[in-house]
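What follows is a single structure, written as structure tokens, with notes after it.
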Amino acid sequence: MKNMKISKLFISFSNIKRISQFAGNEYVLNTNDIIIYSVYIPHFMDLKSDLYLFLNSIEIKKVKRFYKEIDRNRFIIHRSVLKVILGAYTKLKVKNILLDYDFNKKPYLVSHPWLHFNISHSENFAAIAISRKKVGIDIEHLSEDFKFSDLLPDVFEDDQRLIIQNATDKKNAFYTLWTRKEAFVKALGKGIDKDFKCIPCTDGQHTVDFKLIKNTQNWQVRSFDLDEHYLGAIAFEGLPSNATNLELHIIPNNMKDLLKIIPKKV
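Rendered as structure tokens:
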């Protein structure tokens, strides 16, 4: 017990600072910056032909593998916007940004290992998290039709399940706890596995055994409202005692402003 490796995990709800007027001129990440970029997919549908030009041959092949047109369009939009944002922070040409994947299919940039990012999409929204710290994000649409009650015994421990069952708004409670687990395992690079049920997701401070997460860092998970009927959670390294600049930016939905993000000289 004396040598047991543990991590501290702090879970809470945050009112994230929203920046609706997009400032397309400053793309420098400080150590404590956690930036979330929100993309409302329907507003970008008219730009998909222009955004398609940002994709490389591997990504174009992936587009063609999607059976449904809506899935093809969503991929074109959120992948292209991701590459534009990565280009802004790395000063690379968008076409030269090549994503690789680890064994859990988490994307990363081999050329810039200091730049951590993660993406999540649900229905009409995509969200991209950027940081110098390991980061994971999950967003979910609060679907009216999704019957989640059958899932509870498989993905939540008893105390977590009771919170959902006793909640006034059970759907909101389910998605709040689910997104926290999902964001955390994405930050860890674990993915959903047999340990998913044991991942903490309730408000407060938790002690997590190394055997569960294979990690010795301390972590935070913050829930937030992305939009009406959309919940999100973001997980990142560090203690609450360390100052964190957590912001939510709205990506511009016209090519003129979007192109301002791309570095002029590379």
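With the sequence shown counted from 1, adding 54 to any position gets you this note's numbering. Cβ atoms here follow ideal geometry from the backbone N, Cα and C, with glycine treated the same way. Here the structure is a predicted model, which means the values were calculated and not measured.
Buried or exposed: where does residue i fall if 16 or more other Cβ atoms within 10 Å of its Cβ makes it buried?
| i | result |
| --- | --- |
| residue 254 | buried |
| residue 291 | buried |
| residue 55 | Here the model assigns residue 55 a pLDDT of 44, short of 50, so the residue's position is not dependable and the matter cannot be decided. |
| residue 199 | exposed |
| residue 320 | Low confidence applies here, because residue 320 scores a pLDDT of 46, under 50, leaving its location unreliable; read the following figure in that light. When all chains shown are included, residue 320 counts as exposed. |
| residue 277 | buried |
| residue 258 | exposed |
| residue 71 | exposed |
| residue 235 | buried |
| residue 309 | exposed |
| residue 132 | buried |
| residue 232 | buried |
| residue 84 | exposed |
| residue 137 | buried |
CB residue i to CB residue j, shorter than 8 Å?
| i | j | result |
| --- | --- | --- |
| residue 269 | residue 242 | yes |
| residue 228 | residue 275 | no |
| residue 81 | residue 162 | no |
| residue 285 | residue 222 | no |
| residue 266 | residue 225 | no |
| residue 105 | residue 134 | yes |
| residue 303 | residue 73 | yes |
| residue 260 | residue 65 | yes |
| residue 174 | residue 193 | yes |
| residue 191 | residue 288 | yes |
| residue 305 | residue 148 | no |
| residue 218 | residue 256 | no |
| residue 158 | residue 245 | yes |
| residue 160 | residue 59 | no |
| residue 124 | residue 182 | no |
| residue 293 | residue 62 | yes |
| residue 215 | residue 206 | yes |
| residue 68 | residue 300 | yes |
| residue 117 | residue 126 | yes |
So the alpha helix (DSSP H) residue i belongs to, where does it begin and stop?
| i | result |
| --- | --- |
| residue 207 | 206-209 |
| residue 247 | Unbroken run through residue 247: none, as it is neither H nor E. |
| residue 132 | 123-144 |
| residue 106 | 102-106 |
| residue 229 | 224-242 |
| residue 311 | 309-315 |
| residue 111 | 111-119 |
| residue 202 | Taken as a continuous stretch (DSSP letters only), residue 202 belongs to no alpha helix (DSSP H), as it is neither H nor E. |
| residue 251 | Neither: residue 251 is in no alpha helix (DSSP H) and is coded neither H nor E. |
| residue 265 | 264-267 |
Per DSSP, residue i is paired with what?
| i | result |
| --- | --- |
| residue 274 | 64 and 290 |
| residue 259 | 64 |
| residue 179 | 94 and 176 |
| residue 163 | 153 |
| residue 285 | 194 and 279 |
| residue 171 | 184 |
| residue 217 | Looking at the DSSP assignment, residue 217 forms no beta bridge with any residue, so it has no partner. |
| residue 87 | 299 |
Hey, could you find the ends of the beta strand (DSSP E) residue i is sitting in?
| i | result |
| --- | --- |
| residue 72 | 71-73 |
| residue 154 | 153-155 |
| residue 192 | 189-195 |
| residue 300 | 299-304 |
query: Three or more C-beta pairs closer than 8 Å, one from the region 88-104 and one from the region 182-190: is that the case here?
result: yes
- request: Would you check if the region 206-215 and the region 97-112 touch, i.e. whether three or more CB-CB distances between them fall below 8 Å?
  value: no
query: With a cut-off of 8 Å, do at least 3 Cβ pairs link the region 91-100 to the region 164-183?
result: Yes, they touch.
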